[in-house]
Amino acid sequence: MTTTSVSLARRSLTALLALIAGLALVAVSAAGPARAADTDDILSGLNSARGTAGLAPVVRDSRLDTVALDWAKRMAAAGTLSHNPDVGTQIPSGWNGYGENVAHGFATGDDVTAGWTASPDHYANMVGAYTSVGIAFLPADGSTWAVEVFADYAGTAAVATVETAPTGDAAAEVAPTQTSAATPAPGEIVVTATAEPASSVSPVVYLAAAAVLLVLLVIGATTLNRRRGRRGRA
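Numbered per mature numbering (1 follows the signal peptide of the UniProt record, and there is no 0), the sequence shown spans residues -36 to -1, 1 to 198.
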């Protein structure tokens, strides 16, 4: 191998290692933090729809937020839109009813609200007999995952206005005392984004393809210089 080919191979290898490091960094941080502005927009749109329907607004409950965000992360990790089968046991006890809306691929909180509003089943949840809501909007792998968790805690406004999530006994004390549990209303339903996802291809895919291309270029350049070296010695 000539000095030129060795130098080229070394520079290419250095660039390849830097690219792989960047690929690893993107893979680790593929799921970004939940976007507060979008969840605020979802709450605003939700209560606007309820106001138009002549209903009282729901109030955001940080404990329901936690349930919603945990499920958004689960869907993002699985890459599959689905419902949380354990909502009723994960939200504070004493509810009279609960419901859930989920969505995937909407660019903003306003977009997902428009999608839910346009779907009769999801809109029924939005204007259902609920007092509280938890919201998550999670960017992950070039797309988004959204969840609304609704609950009705009759006569317990304190539950709907909790600022921080209590733990252990504190959570049990704040929850309503009634023991009856109605079935979820009105049905646990799934919505798939009708708009195009924020990005249909993950940045990881682009970096992986670039890494493969760079490897091929290094191999090609090395092979070419070897052939030239043989011809020079012939």
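C-beta atoms are modelled at their ideal positions from N, C-alpha and C, and glycine is treated no differently.
Taken atom to atom, the span from the alpha-carbon of D34 to that of T53 is near 14 Å. Scanning I183, R190, L180, V111 for the CA closest to the CA of T30 turns up V111. In the DSSP annotation of this structure, I55 is not part of any alpha helix (DSSP H), being labelled neither H nor E. The alpha-carbon of S107 is positioned some 30 Å away from that of G15. Taking all protein chains in view, the Cβ of L28 is crowded by 16 or more other Cβ atoms within 10 Å, so the residue is classified as buried. Ranked by how close their Cα comes to the Cα of A71, the residues A42, T95, F101 have F101 in first place. Rounded to whole angstroms, the separation of the alpha carbons of I183 and T3 is 49 Å.
Note: Y62 is bridge-paired with A115 in the DSSP secondary-structure output. Nearest C-alpha to H47 among G61, A17, P56, N65: N65. Shown here, R24 sits in a strand according to DSSP, grouped into three states. Around the CB of P56, 16 or more other CB atoms lie within 10 Å, so the residue is classed as buried. P49 counts as exposed, since fewer than 16 other beta carbons sit within 10 angstroms of its beta carbon. P49 carries a coil assignment under DSSP once its states are collapsed to helix, strand and coil. Taking all protein chains in view, the Cβ of L10 is crowded by 16 or more other Cβ atoms within 10 Å, so the residue is classified as buried. For a cut-off of 8 Å, the C-beta gap from A40 to W109 is around 5 Å, short enough to register as a contact.
No Cβ-Cβ contact shorter than 8 Å links V22 with T81.
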